[in-house]
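The structure appears right after this line, and notes come after that.
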Amino acid sequence: MTWRKVLVYAVAVLLLLCLLPSLSIAQKDAGQTEAAAKIETELLDKFAAEGTADFIVRFAQQADLSPAYQMDWNARGEFVYNTLKATAERSQAHAKALLEANGLKYQTFIVGNELYVWAGNQATANALAALPEVAFIRATRVYQVDPPVRPAAPEATFDWGILDTQADQFWAAFGAQGDGIVVANIDTGVDYTHVALQPNYKCAANPSDPACWLDPGTQDCTGPGGGPCDTPYAGIYHGTHTMGTMAADNDPALQYTVGMAPNAQWIACLGCPYGSCPDYDLNTCADWIVAPGGNPANRPHVVNNSWGGGGCNPWYQAKVQAWRAAGVFPAFSAGNSGPSC
101 MTWRKVLVYA
111 VAVLLLLCLL
121 PSLSIAQKDA
131 GQTEAAAKIE
141 TELLDKFAAE
151 GTADFIVRFA
161 QQADLSPAYQ
171 MDWNARGEFV
181 YNTLKATAER
191 SQAHAKALLE
201 ANGLKYQTFI
211 VGNELYVWAG
221 NQATANALAA
231 LPEVAFIRAT
241 RVYQVDPPVR
251 PAAPEATFDW
261 GILDTQADQF
271 WAAFGAQGDG
281 IVVANIDTGV
291 DYTHVALQPN
301 YKCAANPSDP
311 ACWLDPGTQD
321 CTGPGGGPCD
331 TPYAGIYHGT
341 HTMGTMAADN
351 DPALQYTVGM
361 APNAQWIACL
371 GCPYGSCPDY
381 DLNTCADWIV
391 APGGNPANRP
401 HVVNNSWGGG
411 GCNPWYQAKV
421 QAWRAAGVFP
431 AFSAGNSGPS
441 C
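Residue numbers (my numbering): 101 to 441.
Here it is, written out as structure tokens:
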């Protein structure tokens, strides 16, 4: 090898050595930029203003629940619940370890694969965002029940909703009034002692049974015997009202018949205490619907959601998809507030 070739190789090696730190810095900057893009601007603003904030971490991996649609009721419930749990445990492990190392409290949500973090700061959010399994980190929000309108008393034995939908004609034609069906609501709670609702409460013998009632705890609410209770909103017990529309009993001794499925049983989750629906409560209820009391065999056939806000935001879509995969029919109020009756 001539001295000229040696010189060329030497210069090339020196140039490469000089470039390596720059490449490393560029890669690091790119990684930091990519991680920062995972954090919602609204959350960054909260960190800047308050130092700490609650936030929700969503993970990229979502459970494949498609096989559930080919299964019977029992098998699909078990499959959905176990698949959601396994996906969350697998993908959240590093994030949980990071939070524990920083002494932060968190809660796993298996439906949608998310973590709720209390009082985190931007440094922690940055570290979480740097994990490849983390998809997005957002600020928490509070949704709401539509402002209730106090209805007039029914003008007949049957409430107008029964007559307008011809539910009474359906009952007569098919002899079915919700028999064998369990309905749930995520609402302001339910007064299980109401004379039209107590007969159909699934756990009347044990009112506090977690298979039938959950209060996530943002507002402590406990009815007699530890059973379901309702938190009034604008002077109306909204959750009791919506549950009554679904499953109020039609005992002839009652003054009015208002339940669309008067032979159905009901369970409830308090997602909207006093009309406000915090992220934590709604997500906790979403998990509970899949397996009330930790057992998918307790899940309802229908879940009603008379809450909302904002519109065009798919943040709860993964919850709805999981319910559907588990065989639970989700109902939401749409256009509930108007513009006219």
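Heads up, the beta-carbon is just placed ideally off N, CA and C, and yes, glycines get one too.
For the pair the segment 345 to 361 and the segment 307 to 327, tell me if three or more CB-CB distances fall below 8 Å. no
With 16 as the cutoff for other CB atoms within 10 Å, does K302 come out buried or exposed? buried
How far does the beta strand (DSSP E) with F209 in it reach, from first residue to last? Segment Y206 to F209, the beta strand (DSSP E) holding F209.
Drop a sphere of 10 angstroms on the beta-carbon of S406, count the other beta-carbons inside from all chains shown, and report buried for 16 or more, exposed for fewer. buried
Comparing alpha-carbon positions, which option in N300, I367 and T342 lies nearest P328? I367
Would you report the Cα separation of S308 and I156, rounded to the nearest angstrom? 29 Å
Do you know whose CA, among D246, T342 and N221, lies nearest Y292's CA? T342
Could you give the uninterrupted runs of the beta strand (DSSP E) lying entirely in the segment 363 to 421, keeping only those of 3 residues or more? 365 to 370, 376 to 378 and 402 to 405
What three-state label does DSSP hand A361 in the structure shown? coil
Measure from the C-beta of A197 to each C-beta in chain C and report whether the shortest distance is under 8 Å. Absent from the structure: chain C. Only one protein chain is present.
Neighbour-count burial assignment, S191, 16 or more Cβ in a 10 Å radius: buried
Considering only residues of the same chain and omitting the five flanking positions on each side of Y216, which have a CB-CB separation below 6 Å? I156, Q207 and Y380
Please determine, among Q222, T187 and A229, the residue with the shortest C-alpha to C-alpha distance to N213. T187
What residue range does the alpha helix (DSSP H) around L215 cover? Per DSSP, L215 belongs to no alpha helix (DSSP H); it is in the beta strand (DSSP E), E214 to G220.
Touch test, the segment 194 to 209 against the segment 389 to 407, Cβ-Cβ under 8 Å, three pairs minimum: In short, these stretches do not touch, since the Cβ pair count stays below three.
Need the endpoints of the alpha helix (DSSP H) that F258 sits in, please. Here F258 belongs to no alpha helix (DSSP H), and DSSP marks it neither H nor E.
What three-state label does DSSP hand D145 in the structure shown? helix
In this structure, how does DSSP classify R158 when only helix, strand and coil are distinguished? strand
With 16 other Cβ atoms within 10 Å as the buried cut-off, status of A391: buried
Measuring CB to CB, does A153 end up less than 8 Å from G261? no
Check each candidate in P430, A418, Y416 and H401 and name the one with the smallest Cα separation from N174. H401
Give me the Cα-Cα distance between Q127 and E233, rounded to the nearest whole angstrom. The pLDDT assigned to Q127 is 47, lower than 50, so where the model puts this residue is not dependable; a value taken from the coordinates is nonetheless given after this. If you take the alpha carbons of Q127 and E233, they lie about 19 Å apart.
Simplified DSSP state of G289, which is helix, strand or coil: strand
Using the three-state DSSP reduction, which class does P430 fall into: helix, strand or coil? strand
Let me know the secondary structure DSSP gives I262 once reduced to three states. Looking at I262 - three-state DSSP - the assignment turns out to be helix.
Looking at C-alpha atoms only, which residue of N413, V403 and Q355 is the closest neighbour of V295? Of the candidates N413, V403 and Q355, the residue whose Cα lies closest to the Cα of V295 is Q355.
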